[in-house]
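Counting from 493, one number per residue, gives the positions in the sequence shown under the numbering used here.
Ideal Cβ placement from N, Cα and C applies to all residues, glycine included.
All figures in this text were calculated on a predicted structure; none of them were measured in a lab.
First up is the structure itself, then whatever we jot down about it.
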Amino acid sequence: MSETGEFVVQQPGFTGSVSELAHALRTGSLRPTELDLYQLVRSYLDYLQAYAADLEHASEALPRVAQVIELKLRLLLPKPPRLDPEVAEAEALEQSLEAVVLLEALEEAIDFLRRRRSERRLVLPARTDKPPYPRPHRPMRTSPTALANLASALRVGGYFELEPERVTLKSIMRDLFMAVRTRLSGGLFDLLHLRSWPERTIAFAALLELVKDGKVTAVQDEPFAPIQVSLVEGTSEDESVATAA
493 MSETGEFVVQ QPGFTGSVSE LAHALRTGSL RPTELDLYQL VRSYLDYLQA YAADLEHASE
553 ALPRVAQVIE LKLRLLLPKP PRLDPEVAEA EALEQSLEAV VLLEALEEAI DFLRRRRSER
613 RLVLPARTDK PPYPRPHRPM RTSPTALANL ASALRVGGYF ELEPERVTLK SIMRDLFMAV
673 RTRLSGGLFD LLHLRSWPER TIAFAALLEL VKDGKVTAVQ DEPFAPIQVS LVEGTSEDES
733 VATAA
């Protein structure tokens, strides 16, 4: 390989480039029998290893490589002896010229790839101007200080909360007695329509107070069954209200 990266043919009777080798064979200055085709193809394939990365991107060079490999395989096959020296020399000249032409074509492809690679190093990416993108102005032109003053002016200074009405033992006793007096009997929680467990606990305590005072009766058939509440006959509304108060 030369300093420029070009392949150099090194044979016992010749040293030079592939083009010079082809010229020597055509003009007869180098006899075909003096050219070792196997060594020539083998050295050129070794030379291609340095350009394997470039050949992967060059589809035009790949067929040339395949032809050189095919030529190398043909050279390795045994050949029958030729009786006529002129025929043997003509065939040797033909094979030599064929090998040189293939190598020369492949070298041209490598030179083309080398030039392309060198040209790409000099290419600089172009920069384009940014497209105009007008942004709309804010609907209210003001400063951060003015916005802070506006926020402080609109800040809520006070608030109030609504507290739900609380139930007491006396209120539940009154409501339970009025419900039983109206319906005469019914389930404890069906009469009062209570949802929360604290309210149901107070309702159960109110029921016990009314049962203790003899105003109502409570019956539960089995554990966890609904508690049936009934009004005791002869109980007046005024008496129950006075008891609850």
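With Ser663 as the anchor, note down where its alpha helix (DSSP H) starts and where it stops. 661 to 675
Mapping the DSSP letters down to three states, classify Val533 as helix, strand or coil. helix
From Glu526 to Ala514, what does the alpha carbon distance come to, in whole angstroms? 13 Å
Quick check: what's the CA-CA separation for Ala638 versus Arg666? 60 Å
Look up Ser688 in the DSSP assignment and say whether it is helix, strand or coil. coil
Is the beta carbon of Ile664 closer than 7 Å to that of Ala717? no
Note down, in chain order, each residue of its chain lying with its Cβ closer than 8 Å to the Cβ of Arg518, except the 5 sequence neighbours on either side. Leu589
When you compare the CB positions of Val721 and Ile694, do they come within less than 7 Å of one another, or not? no
Tell me Leu723's beta-bridge partners as DSSP assigns them. Val708
Separation of Pro624 from Thr634, as counted between CA atoms: 26 Å
May I ask you to report which of helix, strand or coil DSSP gives Thr634? coil
Counting only the same chain and skipping the five closest in sequence on each side, list residues whose C-beta sits under 7 Å from that of Thr709. Val703, Ser722, Val724
Given a cut-off of 7 Å on the beta-carbon distance, is the pair Val500 and Glu596 in contact? no
DSSP state of Thr507 mapped onto helix, strand, coil: strand
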